[in-house]
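First up is the structure itself, then whatever we jot down about it.
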Amino acid sequence: MGVNHFGTGVTANLVYPGIVETGISRHTGFQKSYLSWFVIGPWAWLVKKSPEQGAQTVIYAAVEPSIEKVNGKIFIDLGEQEIPYLREKDLADSKRLYAISQRWTRLT
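First residue of the sequence shown? That's 1 in UniProt numbering, and the numbers climb one at a time after it.
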């Protein structure tokens with residue numbers, strides 16, 4: 001996405017808040033399953049974040065002046081992260097995904 005907006009002042013970054021306990025899973029069948037209740041449930045608290053904790057990286061990316069001009073990066077846990085399998089070298093896939101996103105959001 002950032003490739004298509006060079007020179008416009010628009011930046012695009014990925015912000016991953018982590019696994020956040022929002023309560024949205026109560027609307028899925030998974031939370032009602034035995035697997036979820038007895039196997040995953042007792043351990044989920046180890047990785048889940050509260051809504052306040054999950055919002056921190058999103059807020060950071062939105063208001064931090066030092067990253068105002070940063071483009072095409074990934075932010076996790078209040079910092080920029082390098083994820084090896086997400087490389088900018090595959091421009092063809094990036095352009096295809098961007099075109100699909102535009103269609104789905106009716107921007108084209």
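Each residue gets a CB set at the ideal place from its N, CA and C atoms; glycine is no exception.
Discussion item. Which residues does DSSP list as the beta-bridge partners of residue 21?
Written reply: In DSSP, residue 21 forms no bridge with anything.
Practice prompt. Go ahead and pull the three-state DSSP assignment for residue 2.
Written response: Confidence in residue 2 is poor, its pLDDT being 48 and thus under 50, which makes the residue's placement unreliable; the coordinate value appears in the next sentence. Shown here, residue 2 sits in a helix according to DSSP, grouped into three states.
Fill in: Own chain, CB closer than 7 Å to residue 22, minus 5 neighbours either side, in chain order
The beta carbon of residue 22 is closer than 7 Å to those of 51 in its chain, skipping five residues each way along the sequence.
Fill in: Local conformation of residue 49 per DSSP, three classes
The three-state secondary structure of residue 49, taken from DSSP, is strand.
Practice prompt. Check whether the Cβ of residue 78 sits closer than 7 Å to any heavy atom of the ligand MG, and report yes or no.
Written response: Annotation note on the ligand MG: not contained in the displayed structure, which lists no ligands.
Fill in: Reduced DSSP secondary structure (H/G/I, E/B, other) of residue 54
Three-state DSSP puts residue 54 in a helix.
Worksheet item: Of the choices 9, 26 and 54, whose alpha-carbon is the least far from that of residue 19?
Response: With distances taken between Cα atoms, residue 19 lies closest to 54.
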